[in-house]
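The working numbering numbers the first residue of the sequence shown as 1380 and each following residue consecutively. The beta carbon of each residue, even a glycine, is placed where N, CA and C say it ideally should be.
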Amino acid sequence: MQPSDKALVPFVSVDNMMRLIHHIGVERMITEIAAQIEDDFKRWESFDKTPRIPAHSPHGVIELMPTSDGEAYGFKYVNGHPKNTSEGLQTVTAFGLLADVYTGYPTLLTEMTMLTALRTAATSALVGKYLAPKNASTMAMIGNGAQSEFQCLAFKAMCGIDTVRLYDIESAATAKCAANLQGTGLNVLSCRSAEEAIEGAQIITTCTADKKYATILTDNMVGPGVHINAIGGDCPGKTELHRDILLRSDIFVEYPEQTRIEGEIQALDPDHPVTEMWQVITGQAEGRRDDRQITLFDSVGFAIEDFSALRYVKRAIEGTEFFEPLDMLADPDDPRDLFGMLMRAK
Ligand SMILES: NC(=O)c1ccc[n+]([C@@H]2O[C@H](COP(=O)([O-])OP(=O)(O)OC[C@H]3O[C@@H](n4cnc5c(N)ncnc54)[C@H](O)[C@@H]3O)[C@@H](O)[C@H]2O)c1
């Protein structure tokens, strides 16, 4: 039986997402998703917000990340399993859905593993645009796994960095990242320690995966004036920075209710002051004050960023071949005759 138009939902496979990204260009797509996130952060109050809903296990975490602006509804399914790479699997995989609030009908189903890497990089660089020292040229990139190249390219495109200093406990990961960044216009230096990686860096990105309290940066490693983009600590019991760094930093977050559960600040008192990025973006709160201040973006990843990315993709695929119509919604001739539809299919 041929599905009707009402049954069909545009579906973006991994293959089509990769073709779309190449069609637009990695740096341009990150920059455009960042602009969408910036616009959506400016209308923060119009969104339904809730900390994401996690299902923890000894193996990792599976999370649902829903939000709505009253017109569209979106959610992402995402996992975090640091042990996966040793089994030939990704630490993070994701897919997401957008729906029309008026009918409740889905309007987009898409892979989001690639898209999450783009939206995370877009968010980091957007925040960097507001908080990193002016004229920053060098970024330390600690943790050279799946997200790392996207982060480097985002900071190049949006914050003007020209040099990245890479470090990972596994030298193969650093070699992979360095090779992937060849020909992108970045100067790429591979380092043998985190201490070496941060030398002369105005921006420090930590993007490691470990299901524990790790200390990727210790207090003595962080000098005045730097911007820290801490991405990897994003689960209860999983952080990257020594607590003393937090106490010397001005801390910026996406959604405090979620970050206090999952971010670096789980190591601090529950009322420790933090600044919400949407308030910096709308000019209601101060970003970087001076060139000695340490700014810390305690990133965990919030549903509105995925919503922005989903809406971006929905627009970007219109009129293109980068999707397939998926027969996803039952559409009986008489809306109440679902059983009749089933019987006619015999
Ligand atoms: N904040 C967000 O929005 C967001 C989004 C996506 C992923 N993440 C998190 O970012 C982290 C990285 O994700 P990924 O997909 O790149 O994972 P990945 O497993 O592909 O890469 C992580 C890398 O960190 C390295 N590493 C582990 N411990 C280290 C240490 N002590 N020093 C240096 N390197 C170390 C590993 O060797 C690996 O190469 C994960 O924890 C993930 O949950 C956060």
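Cut-off 7 Å between Cβ atoms - residues of its own chain near residue i, not counting five sequence neighbours on either side
{"i": "residue 1574", "result": "1600"}
{"i": "residue 1431", "result": "1442, 1443, 1444, 1637 and 1682"}
{"i": "residue 1552", "result": "1523 and 1524"}
{"i": "residue 1449", "result": "1425 and 1480"}
{"i": "residue 1397", "result": "1493"}
{"i": "residue 1611", "result": "1522, 1585, 1586, 1587, 1588 and 1619"}
Cβ neighbours of residue i in the same chain (closer than 8 Å, five flanking residues each side left out)
{"i": "residue 1661", "result": "1420, 1421 and 1423"}
{"i": "residue 1699", "result": "1399 and 1402"}
Start and end residues, beta strand (DSSP E) containing residue i
{"i": "residue 1401", "result": "First-last for residue 1401: 1393-1403, but that is the alpha helix (DSSP H), not the beta strand (DSSP E)."}
{"i": "residue 1534", "result": "Residue 1534 -> not in any beta strand (DSSP E); alpha helix (DSSP H) instead, spanning 1527-1538."}
{"i": "residue 1455", "result": "1451-1459"}
{"i": "residue 1544", "result": "1542-1546"}
{"i": "residue 1550", "result": "Careful: residue 1550 lies outside any beta strand (DSSP E), inside the alpha helix (DSSP H) at 1550-1560."}
{"i": "residue 1478", "result": "1473-1479"}
{"i": "residue 1442", "result": "1439-1447"}
{"i": "residue 1369", "result": "In the structure as shown, the chain starts at 1380 and stops at 1725, and residue 1369 therefore has no counterpart that could be examined."}
{"i": "residue 1778", "result": "In this structure the chain extends from 1380 to 1725, so residue 1778 is not present and cannot be described."}
{"i": "residue 1386", "result": "No beta strand (DSSP E) holds residue 1386; DSSP gives it neither H nor E."}
{"i": "residue 1569", "result": "1566-1569"}
{"i": "residue 1596", "result": "1592-1596"}
{"i": "residue 1464", "result": "It is not in any beta strand (DSSP E) - residue 1464 carries neither H nor E in the DSSP assignment."}
{"i": "residue 1519", "result": "1517-1521"}
{"i": "residue 1425", "result": "Run containing residue 1425: none; DSSP gives neither H nor E here."}
{"i": "residue 1436", "result": "1432-1436"}
Residue i, buried or exposed, once every other Cβ within 10 Å from all chains shown has been counted against 16
{"i": "residue 1471", "result": "buried"}
{"i": "residue 1503", "result": "buried"}
{"i": "residue 1461", "result": "buried"}
{"i": "residue 1436", "result": "exposed"}
{"i": "residue 1566", "result": "exposed"}
{"i": "residue 1718", "result": "exposed"}
{"i": "residue 1482", "result": "exposed"}
{"i": "residue 1484", "result": "exposed"}
{"i": "residue 1514", "result": "exposed"}
{"i": "residue 1642", "result": "buried"}
{"i": "residue 1438", "result": "exposed"}
{"i": "residue 1645", "result": "buried"}
{"i": "residue 1650", "result": "exposed"}
{"i": "residue 1709", "result": "exposed"}
{"i": "residue 1714", "result": "exposed"}
{"i": "residue 1512", "result": "buried"}
{"i": "residue 1347", "result": "Beyond the ends of the chain as shown, which are 1380 and 1725, falls residue 1347; an answer cannot be given."}
{"i": "residue 1498", "result": "buried"}
Range covered by the alpha helix (DSSP H) that runs through residue i
{"i": "residue 1509", "result": "1492-1510"}
{"i": "residue 1718", "result": "1717-1723"}
Any non-hydrogen atom of ligand 1 closer than 7 Å to residue i Cβ
{"i": "residue 1572", "result": "no"}
{"i": "residue 1678", "result": "yes"}
{"i": "residue 1561", "result": "no"}
{"i": "residue 1566", "result": "no"}
{"i": "residue 1603", "result": "no"}
{"i": "residue 1691", "result": "no"}
{"i": "residue 1461", "result": "yes"}
{"i": "residue 1611", "result": "yes"}
{"i": "residue 1581", "result": "no"}
{"i": "residue 1592", "result": "no"}
{"i": "residue 1588", "result": "yes"}
{"i": "residue 1547", "result": "yes"}
{"i": "residue 1458", "result": "no"}
{"i": "residue 1698", "result": "no"}
{"i": "residue 1616", "result": "no"}
{"i": "residue 1507", "result": "no"}
{"i": "residue 1608", "result": "no"}
{"i": "residue 1453", "result": "no"}
{"i": "residue 1527", "result": "yes"}
{"i": "residue 1464", "result": "yes"}
{"i": "residue 1388", "result": "no"}
{"i": "residue 1471", "result": "yes"}
{"i": "residue 1439", "result": "no"}
{"i": "residue 1495", "result": "yes"}
{"i": "residue 1552", "result": "yes"}
is_contact[residue i, chain D] using C-beta, thresh 8 Å
{"i": "residue 1592", "result": "You won't find chain D in this structure, because it holds only one protein chain."}
Beta-carbon contacts of residue i that lie in its chain and below 6 Å, excluding the five residues immediately before and after
{"i": "residue 1703", "result": "1390"}
{"i": "residue 1608", "result": "1503, 1584 and 1676"}
{"i": "residue 1598", "result": "1621, 1623 and 1624"}
{"i": "residue 1664", "result": "1654 and 1658"}
{"i": "residue 1724", "result": "1380"}
{"i": "residue 1603", "result": "1671"}
{"i": "residue 1434", "result": "1441"}
Any non-hydrogen atom of ligand 2 closer than 7 Å to residue i Cβ
{"i": "residue 1664", "result": "Absence of ligand 2 is noted for the structure shown, with ligand 1 being the only ligands found."}
Any chance you could list the alpha helix (DSSP H) runs of at least 4 consecutive residues sitting entirely within the segment 1604-1684, in chain order?
With a minimum length of 4 residues, the unbroken runs of alpha helix (DSSP H) contained wholly in the segment 1604-1684 fall at 1622-1627, 1635-1641 and 1656-1660.
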